[in-house]
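Residues -20 to -1, 1 to 273 (mature numbering (1 follows the signal peptide of the UniProt record, and there is no 0)) are what the sequence shown spells out, left to right. By construction, the Cβ of each residue, glycine as well, lies at the ideal position given by its N, Cα and C atoms.
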Amino acid sequence: MLRKSSVIFMLIVVIGVLSACSSGDDNEDSTGEQAEDQTEDTEAEENTDENDASAQSEETNEDKEQDEAAEEKEPEYYISEETSSIEPIDDAEEKVVLLTIDDAPDENALEMAETLKEKDAKAIFFVNGHFIDDEEGAEKLKKIYEMGFPIGNHTNTHVVLPDVSEEEQTEEIIAVNDRVEEIIGERPAFFRAPHGMNTDHSREVVEQEGMVLMNWTYGFDYFEPYQDADKLKEALISGEAPEIGEEHSLLRSGANILMHDREWTNEALGDVIDGFREQGYEIVDPDLIETID
């Protein structure tokens, strides 16, 4: 017969083995639950990543579709070589005006772009190279472009083209196109000479660069009597500027309105847009103007 002490010892061993097995089962259950939790977390993260990627893909596709839609717009207007007015092609709306802003982007261009955006109106921003030769100016230009506004060339230093050599004229024009392309990825489609003064050579360079050359039909914000927001607003909306001898209205269908990056013009801009619309004029989208391929 086994001694009592031996029996007790064997019972202790058996109990220890059973406890170890039970503990092992618990650990296995715990490990299994943790593995399942980790799998569920991983699947959730993967689903989130897939959803984010899908959303980003949809946004990218929407942006691409919008860009393609803009590129596919058929021209509805062209710029008259003789008058710089906006002429309709076929049966396009005739009662329109074109807004243009020179000497950008100086102190007010970005705010003017925001006003135009709020009013759902478009304009061409004609830039001077000396305003975009640093990072701050380049960033302003990029923002204006990304808001949907076409960029035009207004020469590098706002020089009077007939007063400089042909070599300098070429540099004044090409330098701006190169810099604009460096910033926004495309070259300007429109050109306006400072003071509206071109030469045979500047016209040749503009043509070679594939730009539409234009001047304007009227604008008053560079005359001293109209360097006041209220007076300027009234003059632009009516087309009359009696303080400089313009007694008869210059406002008519196809008017090409000249404005500048100036404080008083910035202040008047919103009311000017409203004033044209109240008279039944649409603000023409420059993307609908025929350009040179």
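Helix, strand or coil at residue i according to DSSP, with G and I counted as helix
i    : result
E152 : helix
D71  : coil
E204 : helix
I125 : The question names Ile, yet the displayed sequence has Tyr at residue 125. Looking at Y125 - three-state DSSP - the assignment turns out to be helix.
A118 : helix
D273 : coil
D143 : helix
G165 : coil
D254 : helix
T80  : strand
Q188 : helix
A235 : strand
V264 : coil
H138 : coil
N178 : coil
N88  : coil
N133 : strand
Alpha-carbon to alpha-carbon, residue j and residue i
i           : j    : result
S65         : N236 : 5 Å
K213        : E62  : 27 Å
G250        : A103 : 13 Å
S233        : L96  : 20 Å
N195        : P174 : 9 Å
G176        : H110 : 19 Å
N108        : V156 : 7 Å
H134        : V160 : 11 Å
T211        : L238 : In the sequence on display, residue 211 carries Lys and not Thr. Whole-angstrom Cα-Cα distance: 16 Å.
M92         : H181 : 33 Å
residue 282 : H240 : The shown model of the chain, from -20 to 273, leaves out residue 282, and the question about it has no answer.
residue 277 : D86  : For residue 277 there is no data in the structure shown, the boundaries of the chain being -20 and 273.
A209        : H138 : 24 Å
G128        : D82  : 17 Å
D71         : S60  : 17 Å
L216        : E94  : 20 Å
Y125        : D158 : 16 Å
E56         : I154 : 28 Å
E67         : E74  : 7 Å
Y206        : A89  : 19 Å
Nearest-angstrom Cβ-Cβ length linking residue i and residue j, presumed shorter than 8 Å
i    : j    : result
F105 : I131 : 6 Å
A101 : I269 : The pair is not a contact, with the Cβ atoms about 15 Å apart (cut-off 8 Å).
I272 : V192 : 6 Å
Y202 : G219 : The pair is not a contact, with the Cβ atoms about 16 Å apart (cut-off 8 Å).
N178 : L141 : 6 Å
Beta-bridge pairing of residue i - partner residues as DSSP gives them
i    : result
D59  : Residue identity differs from the one stated: residue 59 is Ile in this sequence, not Asp. In DSSP, I59 forms a bridge with I66.
A221 : E226
I112 : I112 is not bridged to any residue.
D193 : Residue identity check: residue 193 is Leu in the sequence provided, not Asp. According to DSSP, L193 bridges with F171.
Contact test: residue i Cβ vs the ligand COA heavy atom, cutoff 7 Å
i    : result
G255 : Inclusion of the ligand COA in the displayed structure is not the case, the ligand content being empty and no account of it being possible.
Quiz item: Looking at C-beta atoms only, is the number of pairs between the region 178 to 189 and the region 219 to 226 that lie closer than 8 Å three or more?
Solution: no
Self-check item: Cβ contact (3+ pairs, closer than 8 Å) linking the region 146 to 154 and the region 230 to 245
Solution: no
Exercise. Could you say if the region 109 to 124 and the region 156 to 167 meet the contact criterion of at least three C-beta pairs nearer than 8 Å?
Key: Result yes; three or more Cβ-Cβ pairs closer than 8 Å.
Exercise. Assess, as a yes-or-no matter, whether the region 251 to 268 is touched by the region 70 to 80 under the definition of 3 or more beta carbon pairs within less than 8 Å.
Key: Counting Cβ pairs under 8 Å, three or more are found: they touch.
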